[in-house]
Each structure stands twice: as C-alpha cells, then as structure tokens.
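Below you'll find the structure, written out as structure tokens, and then a few comments.
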Amino acid sequence: MSFYHKYEKLKQIPFSAKFHEVTSMQVESALTKDMLTTADYFALLSPAAESYLEDMARLAHQKTVQHFGWTMQLFLPLYVSDYCVNTCKYCSFSVDNVFPRRRLTLSEVEKEAKAITEMGIEHVLLLSGESRIHSSISYLKEIMTVLSKYFSSVGIEIQPLDTTEYEELVESGIDGLTVYQEVYDEEVYRELHTKGPKRNYRYRLDTPERGCKAGMRSVNIGALLGLDDWRKESFIAGLHADYLQTKYLETEIGVSFPRMRPHAGSYQPKTDVTDKNLVQAMLALRLFIPRAGITLSTRESEFLRNQLIPLGVTKMSAASSTEVGGYSEPDNTQSQFEISDDRSVAAIRKLLYSKGYQPVMKDWQIIGAED
Amino acid sequence: MEDVLQIGGRQLKSRLLLGTGKFADHRQMKEAVEASQSEIVTVAVRRVDLNGSGQYILNDLPGDIALMPNTSGARTSEEAVRIARLAKAAGMGNWIKVEVISDQKYLLPDNSETLKTVEQLVEEGFEVFPYMSPDLTAGKRMAEAGAAAVMPLGAPIGSNMGIRMKDLIKVMVEEIDAPIIVDAGIGKPSQAAEAMEMGAAAVLVNTAIATAADPVAMARAFSHAVEAGRCAYLAEPGAQALQAAASSPLTGFLREDD
Numbered sequence: 017m018s019f020y021h022k023y024e025k026l027k028q029i030p031f032s033a034k035f036h037e038v039t040s041m042q043v044e045s046a047l048t049k050d051m052l053t054t055a056d057y058f059a060l061l062s063p064a065a066e067s068y069l070e071d072m073a074r075l076a077h078q079k080t081v082q083h084f085g086w087t088m089q090l091f092l093p094l095y096v097s098d099y100c101v102n103t104c105k106y107c108s109f110s111v112d113n114v115f116p117r118r119r120l121t122l123s124e125v126e127k128e129a130k131a132i133t134e135m136g137i138e139h140v141l142l143l144s145g146e147s148r149i150h151s152s153i154s155y156l157k158e159i160m161t162v163l164s165k166y167f168s169s170v171g172i173e174i175q176p177l178d179t180t181e182y183e184e185l186v187e188s189g190i191d192g193l194t195v196y197q198e199v200y201d202e203e204v205y206r207e208l209h210t211k212g213p214k215r216n217y218r219y220r221l222d223t224p225e226r227g228c229k230a231g232m233r234s235v236n237i238g239a240l241l242g243l244d245d246w247r248k249e250s251f252i253a254g255l256h257a258d259y260l261q262t263k264y265l266e267t268e269i270g271v272s273f274p275r276m277r278p279h280a281g282s283y284q285p286k287t288d289v290t291d292k293n294l295v296q297a298m299l300a301l302r303l304f305i306p307r308a309g310i311t312l313s314t315r316e317s318e319f320l321r322n323q324l325i326p327l328g329v330t331k332m333s334a335a336s337s338t339e340v341g342g343y344s345e346p347d348n349t350q351s352q353f354e355i356s357d358d359r360s361v362a363a364i365r366k367l368l369y370s371k372g373y374q375p376v377m378k379d380w381q382i383i384g385a386e387d
Numbered sequence: 042m043e044d045v046l047q048i049g050g051r052q053l054k055s056r057l058l059l060g061t062g063k064f065a066d067h068r069q070m071k072e073a074v075e076a077s078q079s080e081i082v083t084v085a086v087r088r089v090d091l092n093g094s095g096q097y098i099l100n101d102l103p104g105d106i107a108l109m110p111n112t113s114g115a116r117t118s119e120e121a122v123r124i125a126r127l128a129k130a131a132g133m134g135n136w137i138k139v140e141v142i143s144d145q146k147y148l149l150p151d152n153s154e155t156l157k158t159v160e161q162l163v164e165e166g167f168e169v170f171p172y173m174s175p176d177l178t179a180g181k182r183m184a185e186a187g188a189a190a191v192m193p194l195g196a197p198i199g200s201n202m203g204i205r206m207k208d209l210i211k212v213m214v215e216e217i218d219a220p221i222i223v224d225a226g227i228g229k230p231s232q233a234a235e236a237m238e239m240g241a242a243a244v245l246v247n248t249a250i251a252t253a254a255d256p257v258a259m260a261r262a263f264s265h266a267v268e269a270g271r272c273a274y275l276a277e278p279g280a281q282a283l284q285a286a287a288s289s290p291l292t293g294f295l296r297e298d299d
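First to last, the sequence lines map onto chains F and H. Under our numbering, the first residue of the first sequence carries the number 17, and numbering increases by one thereafter. Under our numbering, the first residue of the second sequence carries the number 42, and numbering increases by one thereafter.
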C-alpha cells in the first residue's frame, strides 16, 4: 500500500464540478464537528466555504492555541549547494539556468552555522539542489559533524533518497525531512519536470513515507500552490498528510503551503492563488488535522505573514537567505527564489511577543548515539 | 496536623503542579506560577538551553520553585532515558517526569515503553514520575518499580475535557500504593477539585491556565479549587443517594428475638 493507490482513486474525481456542488449547509455541518471527515475537509476547501472564512479562522485559532499553546517555533533554512540535475520549469536552480554553481566546504558550513547561531536560532533546515553527487550522503554526514555542535535540530530538504539512506542520515542526527510533491496532479507533474530523476512521480510521492519508515522525527509535505488548481492540490496534500499520520503515528507530520514566487526562468504560474485562497487552504488543513505542524516561510510578504500568525501556523522562518553561503557573505550568488519578508530574527521575535506569542528557539535536543 | 504531600523526598504544601509549555511569554508564566502557589513546575528538557547560555525558561521562573524536568518529545524508552540523563547532567536535579509518546495524532502515552523507562531511571537514582494512560496493572508495575508517583491522564492532553477517565483513575487511587497525580485533560478548576475529591494526591495543569484569557487569575482559581477538593476529600463526604430513605423499612419485619 502506498499513497499512490489512494491517488489513483482520487484522480477519478471531477474536482471542479464537485467543489462547486458543495452547499453552505455542508460547510456549516463541517464547522460543528470536533473530528472532520474527508468530505468535511473537501467542503471547507470549496467556493461555498469562502463565506465562512471568519468562522473557520476563529476555530482554527482556538484549536492551534489549545494544542500548541501561545508559541511559535523559529527556524532558518541553510543552503549548502545549488547544483541540480533536474529541469523544473518553475525553479531558479533548474539545470538549464546557467549561473556559477557552488557547494559549501566544511569550513564555509561552519561560518554559516556561526552566523545563524549568532541570530539565536537553534533549528535549521538544510537545503540543497537535487544532486546525488554534490549533496551525497557522505557530504551530508560530514556536514552533520559540524552542525550538531551548533544546533538542536537539523532537518533536510534535498533530493529524495532511499529508506536505508535516510536511516544513515537519522543516525547522524538529522531528524526532519521536508519534501514537497510540488504538484500532485500526475500529468501536470510530467509537464513541469521535463528532465532528470525528478520526473519519477511515484518515487517522489513515496518519499515522505520512506522518511517515516527510516525514523525521521518529523516529516513535512506540501504542494507548491500555483502549479495547478489549489483546491484540488490542497485537498490531496491534506489526505497525504492524514494517510502518513495514521500509518506512522510516531512521526510528526507537518504541512506547508508554499506559493509560487518570482524566480530565474520564464515560467508563469498556471493559476493565480490569492491571499484569500491561501488562507482558506491553511484553515481547512488546521481543522482537518488539528495537531499537524504548519510552516510559514518568508516567501510570503511581511504584511501577510503578520496576519497569518494566529491562523494555525506553528513554525516560521525569519531573515532567510535562499542563497548558498548567504548568511556569512550576503549577495553573491543565485538565490532559489526571491523572499518577500526580509525582517531579522530579532524583529520577528519582537513581532511575536507583540501578538502574544512566545518565540520558541529550541524545541528538541540532538541526543545522538551514546558512547 | 498539617496536610503535606510527601513526595520524591520533598514535602509540599501545594498539591497543584504547573506545566510551563504553553504561555505567551515568560513574564506571564512567572506571574501565573506565583499566583498558583505551586511549588513544582514541569519543564520540557527539549526547550531548555542545556549549554547554559540562559536565554530560555529556567532564568524566568520564581527562584524558590522546584523543577520537574520532563522527557517530552521522547518516542522510545531509550530516548527518554537519554533526555533524563542530559537534564541531570545540566544540573536540573534528580526529579524526572517520564513522557514517552509514540503517537503524534492524539499524543497518548506508551505505557510499556514508559514502564521500561521507570525501571531504568529508578535504578539510576532518579525520582521518577511517569505520565501514563490510566491502567491499573501498568500503574501498579510502575509503583512497584519505584516510581515516586503515578500520573494518569484525565483526558487527552490539551483537550480541556476534564476527568473523562474518572472510573479508571478511582480504581488506581484505591489500589496503587503510590501517590496518584492526575495529569492532562483538566480544563476547569471544578474538574481539578473533582480529582482531588476522588483522592488524587495532586493535579498537574498547563493548557487550562496558559490559554485562559487571564492566566494569572485562572492560576489563582485552580489553587483554591485544588485546596477545596483536598479539604473535601479529608472531610469524607457523606454518601450520595438519589432517593430519600424509604419510610417503611423493607426489613422492618425482622425482630431482635428471631
């Protein structure tokens, strides 16, 4: 059994027609429930639910505070390499975009780690372009010997790997896996991923599950909104999260809602995802899976991020650099995408306090192997 | 005679323990802890800066408060044991609340991994406080293994649903030779009083106080409720009866000389 089997059934659904058939009564019924069914989740993503966003927001806020308290965990992305073997039409790191590529040496990684630690950050997400040669298992394990001295938790967002490879990384202290399907629609997926190992839809779809099997503490998934109909994509991503959380009770499943940002290359998003749409997607997920982590990145604007804080978000990044080496030597290479909110960690902390939230800088402890 | 709770080598006047994980800021947490008159707070080791540069929670607690570090985040006994050792090495004392949770959907504790952890940590000299799903056999084994108290949940953590596990906890109070501390699920002061009336040795509260509109006032309310519940338990309430006593006794025909 794999989520692919569920997807094969889901793709038979005439989504657009079904979403428009949802009535306000169905939405209201979903809002009275403590535990939502799949049909309720579907209803909350429908056009009919747009008139209930305020009710959804109040419930989502209440559930988030109840389960997570008045807290927000902060983390930063750490880009170590922008070598990539894939051709993805929407990404700056795509192999056909020509720019000088770079991979950090061990001492450069340490410089970045120091710069990030000085900002008070203890949780990092290690990112690279997808290349088994440049971000190899041995390179990542080598990096971990440095990073485990500086951080309490290290996650990865790199090329998909096999279960045994993830096991090796877990052993080295890496505890989180982020992998976005980008787009769940298999046909659109093939259109956008024209060359490289990423063309293999099924292998990518099963990646979060391999991470769970390998013992990752947290696994974070998502659809890149804008590549296809956001209602459908959000629905399938939510079901994917639910599938994983039900099958792997010990893993903390999280969901992100990345939205297309300007990048190098000429691809234009297929569908427009408005702020209202993004909010609806987030709220519906929070009500469907009340304990799921929801991550909000600096892809979104300062204004919007300020407003999204009480709507179900549990983790935020700040002062992010999406360039390799961007913390210790800013402005010298190609960034993966343009960020919208460039406020410092200190500014985000201040903002959180002003909104009644406690910024949590440390929420785990690398316990590693014992001698 | 003064009613004190003898536990883990300490004597406590307050039977209210406080969690610290969900407050909006540390100043509010400190004020709530003070208002609660609690003498013990739990702190997640994973949130503590073990290297001691000190921007985290420990500096912001009232000075005379005793710490009960917890192993929150542990999914196996092995992880819980390591976290406990880290806490001790960092100078957080030898009390440890064992939390082993391998279910991220409902956050229900894993009793068998918890029992293993209790056995190991008692052997290492810790005063061990296991958080568990109410179950008589598991609770007895934990007590026999040397747990300083047993901490069954009243309802799923963060649910504010009250003592849903009431009947099971009652059995534990009656049968287990260790203090029973009701942890998790208590949403209102009246529910804390209810747990105390049942004979619980203490209660632990976090969400209900930290997420109240006025956490400090709510902490005070809990303090009163726990005290009232304890007094009621000691006063031994009269038996409950739904109907009034029958006016013509059913056994009135029996005579002394029969």
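Glycine included, each C-beta is placed from N, C-alpha and C at the ideal position.
Looking only at DSSP bridge pairs, what is Ile237 of chain F linked to?
If you number the first sequence from 1, residue 237 of chain F lands on position 221. Looking at the DSSP assignment, Ile237 of chain F forms a beta bridge with F:Val271.
Over the uninterrupted alpha helix (DSSP H) stretch that includes His150 of chain F, give me the two end residues.
One-based indexing of the first sequence puts residue 150 of chain F at position 134. From DSSP, His150 of chain F is part of no alpha helix (DSSP H); its letter is neither H nor E.
On the CB-based measure, 16 or more other CB atoms within 10 Å of its CB, does Gln96 of chain H come out buried or exposed?
To locate residue 96 of chain H, count along the second sequence from 1; it is residue 55. Per-residue confidence for Gln96 of chain H stands at a pLDDT of 48, beneath the threshold of 50, marking its modelled position as unreliable; no derived number is given.
Same chain, Cβ closer than 8 angstroms to Gly203 of chain H, neighbours up to 5 away in sequence not counted:
What you label residue 203 of chain H is simply residue 162 of the second sequence in a count that begins at 1. Within the same chain, Gly203 of chain H has close Cβ partners Gly195, Ala196, Gly226, Ile227, Gly228, Lys229, Gln232, Glu235.
Give a yes or no on whether 7 angstroms exceeds the smallest Cβ distance from Asp66 of chain H to chain F.
As a working note, residue 66 of chain H is residue 25 in the second sequence. So, interface residue.
Confirm the yes/no value for this check: CB of Trp380 of chain F, any heavy atom of the ligand FAD, distance under 6 angstroms.
Looking at this structure, you won't find the ligand FAD or any other ligand, since it has none at all.
Coarse secondary structure for Gln89 of chain F, derived from DSSP in three states
Start at 1 with the first residue of the first sequence, and residue 89 of chain F comes out as number 73. If DSSP states are grouped into helix, strand and coil, Gln89 of chain F belongs with the strands.
Coil, strand or helix - Pro230 of chain H by DSSP:
Here residue 230 of chain H refers to the residue found at position 189 when the second sequence is read from its first residue. Correct three-state label for Pro230 of chain H: helix.
With 16 other Cβ atoms within 10 Å as the buried cut-off, status of Arg206 of chain F
Translated into positions along the first sequence, residue 206 of chain F becomes position 190. Under this definition Arg206 of chain F is an exposed residue.
By the three-class DSSP mapping on this structure, what secondary structure does Gly231 of chain F have?
As a first step, residue 231 of chain F is located in the first sequence; it is residue number 215 there, counting from the start. Coil at Gly231 of chain F, not helix or strand.
Which residue from F:Leu75, F:Asp71, F:Thr223 puts its Cα closest to that of Pro1 of chain F?
Because chain F here runs from 17 to 387, residue 1 of chain F falls outside it and cannot be looked at.
Residues that DSSP places opposite Ala85 of chain H in a beta bridge
Within the second sequence, numbered from 1, the residue matching residue 85 of chain H stands at position 44. DSSP, once it has assigned bridges, lists H:Asn111 as partnering Ala85 of chain H.
For a cutoff of 7 angstroms on Cβ pairs, would you count Thr252 of chain H as touching chain F?
Mapped onto the second sequence, residue 252 of chain H falls at position 211. Closer than 7 angstroms to some Cβ of chain F, the Cβ of Thr252 of chain H qualifies, so yes.
When you check each C-beta in the stretch 172 to 186 of chain H against every C-beta of chain F, which residues fall closer than 9 angstroms?
none
Below 7 angstroms between beta carbons: does that hold for Val140 of chain F and Phe167 of chain F?
Taking the first sequence and counting its residues from 1, one reaches residue 140 of chain F at position 124. Taking the first sequence and counting its residues from 1, one reaches residue 167 of chain F at position 151. Cβ distance < 7 angstroms, so Val140 of chain F and Phe167 of chain F count as in contact.
Taking Cβ positions only, does Lys229 of chain H come closer than 7 angstroms to chain F?
As a position in the second sequence, residue 229 of chain H is number 188, starting the count at 1. So, not an interface residue.
For Trp136 of chain H, which beta-bridge partners are listed by DSSP?
On the second sequence, residue 136 of chain H is found 95 positions in, with the first residue counted as 1. BP columns for Trp136 of chain H point to H:Glu168.
Is there a Cβ from chain F that is less than 7 angstroms from the Cβ of Ser153 of chain H?
As a first step, residue 153 of chain H is located in the second sequence; it is residue number 112 there, counting from the start. Cβ-Cβ to chain F under 7 angstroms: no for Ser153 of chain H.
Bridge partners of Gln47 of chain H, per DSSP?
Looking up residue 47 of chain H in the second sequence gives position 6. Answer by DSSP bridge pairing, in chain order: H:Gln52.
Taking the C-alpha atoms as reference points, what is the distance between Ile48 of chain H and Ala260 of chain H?
Position 7 of the second sequence, counting from 1, holds the residue named residue 48 of chain H. Position 219 of the second sequence, counting from 1, holds the residue named residue 260 of chain H. Cα-Cα distance, rounded: 22 angstroms.
Tyr200 of chain F classed as buried or exposed, judged by whether at least 16 other C-beta atoms fall within 10 angstroms
Position 184 of the first sequence holds residue 200 of chain F. Under this definition Tyr200 of chain F is a buried residue.
Which term fits His149 of chain F, buried or exposed, when burial requires 16 or more other beta carbons within 10 angstroms of its beta carbon?
Taking the first sequence and counting its residues from 1, one reaches residue 149 of chain F at position 133. Per the sequence shown, the amino acid found at residue 149 of chain F is Ile instead of His. So Ile149 of chain F counts as exposed.
Exposed or buried, Lys25 of chain F, counting other C-beta atoms within 10 Å across all chains shown (16 or more means buried)?
On the first sequence, position 9 is the one that residue 25 of chain F refers to. Label assigned to Lys25 of chain F: exposed.
Could you give the DSSP three-state label for Lys331 of chain F: helix, strand or coil?
In the first sequence, residue 331 of chain F corresponds to position 315, counting from 1. Strand, per DSSP.
Proximity to Ala190 of chain H [Cα-Cα], best of H:Ile98, H:Pro220, H:Glu215:
Here residue 190 of chain H refers to the residue found at position 149 of the second sequence. Cα-wise, what sits closest to Ala190 of chain H is H:Pro220.
Taking 7 angstroms as the threshold (C-beta atoms), are Pro375 of chain F and Leu90 of chain F in contact?
Stepping through the first sequence from its first residue, residue 90 of chain F is reached at position 74. Stepping through the first sequence from its first residue, residue 375 of chain F is reached at position 359. Their beta carbons are under 7 angstroms apart, which means Leu90 of chain F touches Pro375 of chain F by this criterion.
Check whether the stretch 315 to 322 of chain F and the stretch 240 to 257 of chain F touch, using three or more Cβ-Cβ pairs below 8 angstroms as the test.
no
Examine the Cβ distances between the stretch 96 to 107 of chain F and the stretch 52 to 71 of chain F and report whether three or more of them are shorter than 8 angstroms.
no
At least 3 beta-carbon pairs within less than 8 angstroms: the stretch 119 to 129 of chain H vs the stretch 154 to 165 of chain H:
yes
Count the other CB atoms, across all protein chains shown, that sit within 10 Å of the CB of Leu260 of chain F; report buried if there are 16 or more and exposed otherwise.
The residue you call residue 260 of chain F lines up with position 244 of the first sequence. Its Cβ being crowded by 16 or more others within 10 Å, Leu260 of chain F is buried.
One or two residues paired with Lys211 of chain F in a DSSP bridge:
Within the first sequence, residue 211 of chain F is the residue found at index 195, counting from 1. The partner list for Lys211 of chain F (beta bridge, DSSP) reads F:Thr103.
Inter-residue spacing [alpha-carbon to alpha-carbon] between Ala269 of chain H and Glu249 of chain F:
By 1-based counting over the second sequence, the position of residue 269 of chain H is 228. By 1-based counting over the first sequence, the position of residue 249 of chain F is 233. So the alpha carbons of these two residues sit roughly 54 angstroms apart.
Beta carbon proximity, Gln82 of chain F to chain H, threshold 7 angstroms
Counting from one through the first sequence, the residue named residue 82 of chain F turns up at place 66. Taking Cβ atoms only, chain H reaches closer than 7 angstroms to Gln82 of chain F, which makes this a yes.
Note down the Cα distance separating Glu158 of chain F from Val186 of chain F, rounded to an integer number of angstroms.
For the purposes of this step, residue 158 of chain F is identified with residue 142 of the first sequence, where counting begins at 1. For the purposes of this step, residue 186 of chain F is identified with residue 170 of the first sequence, where counting begins at 1. Going from the Cα of Glu158 of chain F to the Cα of Val186 of chain F covers about 13 angstroms.
Can you confirm whether Asp379 of chain F, when its beta carbon is compared against all beta carbons of chain H, has any partner nearer than 7 angstroms?
Translated into the one-based positions of the first sequence, residue 379 of chain F becomes position 363. Chain H contact via Cβ: present.
Just verifying my parser: in three-state terms, what is the DSSP assignment at Leu102 of chain H?
If you number the second sequence from 1, residue 102 of chain H lands on position 61. Correct three-state label for Leu102 of chain H: coil.
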